[in-house]
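Below: one structure, written as structure tokens.
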Amino acid sequence: MRRITMTVNGREITCEVEERLLLVQFLRETLKLTGTHVGCDTSQCGVCVVHVDGQSIKSCSMLAVQADGRSVTTIEGLMKDGEMHPMQAAFHDQHGLQCGFCTPGMVMSAIDLLQKNPDPTEQEIREWLEGNLCRCTGYHNIVKAVRQAATAISRQGEART
Amino acid sequence: MYNFTYSNPEMLSDAEHLLGTGESPTLLAGGQTLLPTLKLRLAQHSSLVDLGRIVALKGIVAEGSCLRIGAMTTHWEVASSATVAAAIPALSQLAGMIGDPQVRHRGTIGGSVANNDPSADYPAGCLGLGATIHTNRRDISADDFFVGMFETALENGEIITALSFPVPEVATYVKYPNPASRYALVGVMVSKGVSGIRVAVTGAGNAGVFRDTAIEAALQKNFVADAVPESGVSEDTLMSDMHAAADYRKHLIAVMARRAVAAATS
Ligand SMILES: Cc1cc2nc3c(=O)[nH]c(=O)nc-3n(C[C@H](O)[C@H](O)[C@H](O)COP(=O)(O)OP(=O)(O)OC[C@H]3O[C@@H](n4cnc5c(N)ncnc54)[C@H](O)[C@@H]3O)c2cc1C
Ligand code: FES
Ligand code: FES
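As you go down the protein sequences, you meet chains A and B in turn.
Here the first sequence is numbered in my numbering, starting from 490 and rising by one per residue.
Here the second sequence is numbered in my numbering, starting from 1386 and rising by one per residue.
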């Protein structure tokens, strides 16, 4: 067992964990943050994507002990003052989901894309979402949602300046 | 996953020591190959020595006619580095084609090269550019490093610390990705530089990455896309599986090589 401390969605947490515990298990089973999903055993589906120190990663392919001292953001950490994050609102508006299983990973991955490329083309969005599989939507509305969020976030930025 | 003990030393010397302790210790880099393997219980280790906190294993520097990349540098860092893009754009391109963004954010060049997956991209990058692999004990040329499928010249307890790439005159990497996994069905690195012409092929060989000497010889005479002949290797030495038969892989080698030369000469 090992003692770790990390910030999850802005809250500092200290815990004793088994070395082999995956970050996704720590989030889901220890902290009961079940918004982050598990969809495969092969690190390919992307439903487990969260941010560690702002960077999107697959939480099924990182140990909880490797997140010691770091800051983790999950889908539960996106709402601010009761308002959905613009990416969540865009998925809702554009019907970017059907069963919703892939959605938390899609949203976390897409937010990271906009951090790196605030105005991506449709092609760039599709390439970025390479590691996020969706069995329902056919991706079109997901791409539209990311475009909507890109526009909304850049407007917010302009309104602030 | 079977349990293990875990350590994340700050000093390379401590990692060396820990790697010599216990029954079956192993190194953890980006974990993008090791952790999925452990999850499926395809491997079992008494301890994991995480290299993630060793600052000396990180970073990218251009040293004269050479580009040096620390073993713990992620695929993402290589793909987005201005230093790499200026010195060897083919390497930025290669790193940017590995897996997906989340794999690139964690996976490292050292881990990829140590693993020597027969369909991985970096082995072709190293062999095709004539890289040198630096370890805690010695320097190994790429020609001697990649021994066979998932097999390298690394000895027990040996740790890759960095890789050096001589800056070529021109180089291009072209990959036909497996549509499901994104690994190379066939990937070819072509380079022309101080060490002559090198054509390295990944994704195809039974024994992992190799140089296609027939294509190299033809390009030595005339470095244009139309000069690329059929691959010189025997189909018996190529992989044949549900993704592609050996003859198709052999065909793809020449096609990828032609595209690489066309891009390098345009
Ligand atoms: C969904 C998915 C898609 C992928 N697609 C591709 C692809 O298209 N192309 C591609 O090339 N790869 C691909 N990969 C593999 C990826 O590039 C891995 O990052 C890489 O193979 C291993 O690097 P790592 O840093 O994650 O190493 P780890 O998984 O941590 O380690 C791998 C092995 O190398 C050893 N090792 C690690 N570092 C060192 C070192 N410094 N010295 C000695 N030994 C060391 C470890 O002990 C272990 O045995 C993919 C992986 C996933 C999960
Ligand atoms: S659960 Fe499928 S990639 Fe993490
Ligand atoms: S909405 Fe069902 S998997 Fe994407």
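Backbone N, C-alpha and C fix where the C-beta goes; we use that ideal spot for every residue, glycine too.
What you are looking at is a predicted structure, and each value in this text was computed from that prediction instead of being measured.
Near ligand 1: residue i beta-carbon under 7 Å from a heavy atom
{"i": "alanine 1499 of chain B", "result": "yes"}
{"i": "tyrosine 1568 of chain B", "result": "yes"}
{"i": "histidine 1460 of chain B", "result": "yes"}
{"i": "alanine 1414 of chain B", "result": "yes"}
{"i": "valine 536 of chain A", "result": "no"}
Neighbouring residues, chain A, relative to residue i (Cβ below 7 Å)
{"i": "arginine 1417 of chain B", "result": "Strictly speaking, residue 1417 of chain B in this sequence is glutamine, with arginine absent from that position. The answer, in chain order, is Ser532 and Ser550."}
{"i": "lysine 1443 of chain B", "result": "Result: empty, since nearest Cβ-Cβ is about 15 Å, beyond 7 Å."}
{"i": "lysine 1424 of chain B", "result": "Asp530"}
Endpoints, the beta strand (DSSP E) within which residue i is located
{"i": "valine 561 of chain A", "result": "560-562"}
{"i": "lysine 547 of chain A", "result": "544-547"}
{"i": "arginine 1491 of chain B", "result": "Careful: arginine 1491 of chain B lies outside any beta strand (DSSP E), inside the alpha helix (DSSP H) at 1486-1491."}
{"i": "valine 1571 of chain B", "result": "1569-1578"}
{"i": "arginine 1583 of chain B", "result": "1581-1587"}
{"i": "methionine 495 of chain A", "result": "491-497"}
Distance cut-off 7 Å: residue i Cβ against heavy atoms of ligand 3
{"i": "phenylalanine 590 of chain A", "result": "yes"}
{"i": "leucine 510 of chain A", "result": "no"}
{"i": "leucine 586 of chain A", "result": "yes"}
{"i": "threonine 496 of chain A", "result": "no"}
{"i": "cysteine 623 of chain A", "result": "yes"}
{"i": "threonine 626 of chain A", "result": "yes"}
Interface residues of chain B facing residue i [CB-CB closer than 8 Å]
{"i": "valine 513 of chain A", "result": "Going along chain B, no residue has its Cβ under 8 Å from valine 513 of chain A, so there is no contact; the nearest lies around 11 Å."}
{"i": "glycine 620 of chain A", "result": "Gly1484, Asp1485, Pro1486, Gln1487 and Val1488"}
{"i": "glutamate 507 of chain A", "result": "Asn1388"}
Per-residue contacts from residue i into chain A (C-beta, under 9 Å)
{"i": "glycine 1588 of chain B", "result": "By Cβ distance, chain A contributes nothing, its closest Cβ being about 18 Å from glycine 1588 of chain B, past 9 Å."}
{"i": "aspartate 1435 of chain B", "result": "Leu552, Val554 and Gln555"}
{"i": "leucine 1420 of chain B", "result": "Leu511, Ser532, Cys549, Ser550, Met551 and Leu552"}
Residue interval of the alpha helix (DSSP H) (run including residue i)
{"i": "serine 643 of chain A", "result": "629-649"}
{"i": "serine 1477 of chain B", "result": "1474-1481"}
{"i": "cysteine 1511 of chain B", "result": "1507-1514"}
{"i": "glycine 1496 of chain B", "result": "1494-1500"}
{"i": "serine 598 of chain A", "result": "592-605"}
Cross-chain neighbours of residue i in chain B, by beta carbon under 7 Å
{"i": "valine 554 of chain A", "result": "Tyr1391"}
{"i": "glutamate 572 of chain A", "result": "None at all; the shortest Cβ gap to chain B is about 27 Å."}
Supposed contact pair residue j and residue i - C-beta distance, whole angstroms, cut 8 Å
{"i": "leucine 1623 of chain B", "j": "alanine 1556 of chain B", "result": "The pair is not a contact, with the Cβ atoms about 24 Å apart (cut-off 8 Å)."}
{"i": "alanine 1480 of chain B", "j": "valine 1586 of chain B", "result": "That belief does not hold up - the Cβ atoms of alanine 1480 of chain B and valine 1586 of chain B are roughly 18 Å apart, past 8 Å."}
{"i": "glycine 1405 of chain B", "j": "glycine 1542 of chain B", "result": "6 Å"}
{"i": "glycine 1572 of chain B", "j": "aspartate 1506 of chain B", "result": "6 Å"}
{"i": "phenylalanine 1550 of chain B", "j": "leucine 1452 of chain B", "result": "5 Å"}
{"i": "valine 1559 of chain B", "j": "arginine 1644 of chain B", "result": "5 Å"}
{"i": "glycine 1492 of chain B", "j": "glycine 1415 of chain B", "result": "4 Å"}
Heavy atom of ligand 2 within 7 Å of residue i beta-carbon
{"i": "serine 550 of chain A", "result": "yes"}
{"i": "valine 1571 of chain B", "result": "no"}
Contacts of residue i in chain B (Cβ-Cβ under 9 Å)
{"i": "glycine 535 of chain A", "result": "Asp1485 and Gln1487"}
{"i": "serine 545 of chain A", "result": "Pro1486, Gln1487 and His1490"}
Is there contact here, the stretch 548-564 of chain A with the stretch 505-521 of chain A, by at least three beta-carbon pairs under 8 Å? yes
Spell out a yes or no on whether the stretch 575-588 of chain A and the stretch 620-638 of chain A are touching, meaning 3 or more CB-CB pairs, one atom from each, closer than 8 Å. yes
contact_flag[the stretch 610-623 of chain A, the stretch 1392-1411 of chain B] where n(CB pairs < 8 Å) is 3 or more: No, they do not touch.
Below 8 Å, can you find three or more Cβ-Cβ pairs linking the stretch 1531-1539 of chain B to the stretch 1437-1447 of chain B? no
Any contact between the stretch 1484-1498 of chain B and the stretch 1574-1582 of chain B? By contact I mean 3 or more CB pairs, one from each, below 8 Å. no
Meets three-Cβ-pair contact criterion under 8 Å: the stretch 1447-1459 of chain B and the stretch 1421-1430 of chain B: no
Is it a yes or a no for the stretch 1599-1612 of chain B touching the stretch 1626-1633 of chain B, going by three-plus beta-carbon pairs under 8 Å? no
Using 8 Å as the cut-off, can you tell me whether the stretch 557-577 of chain A makes contact with the stretch 494-503 of chain A, which would need three or more C-beta pairs spanning the two stretches below that distance? yes
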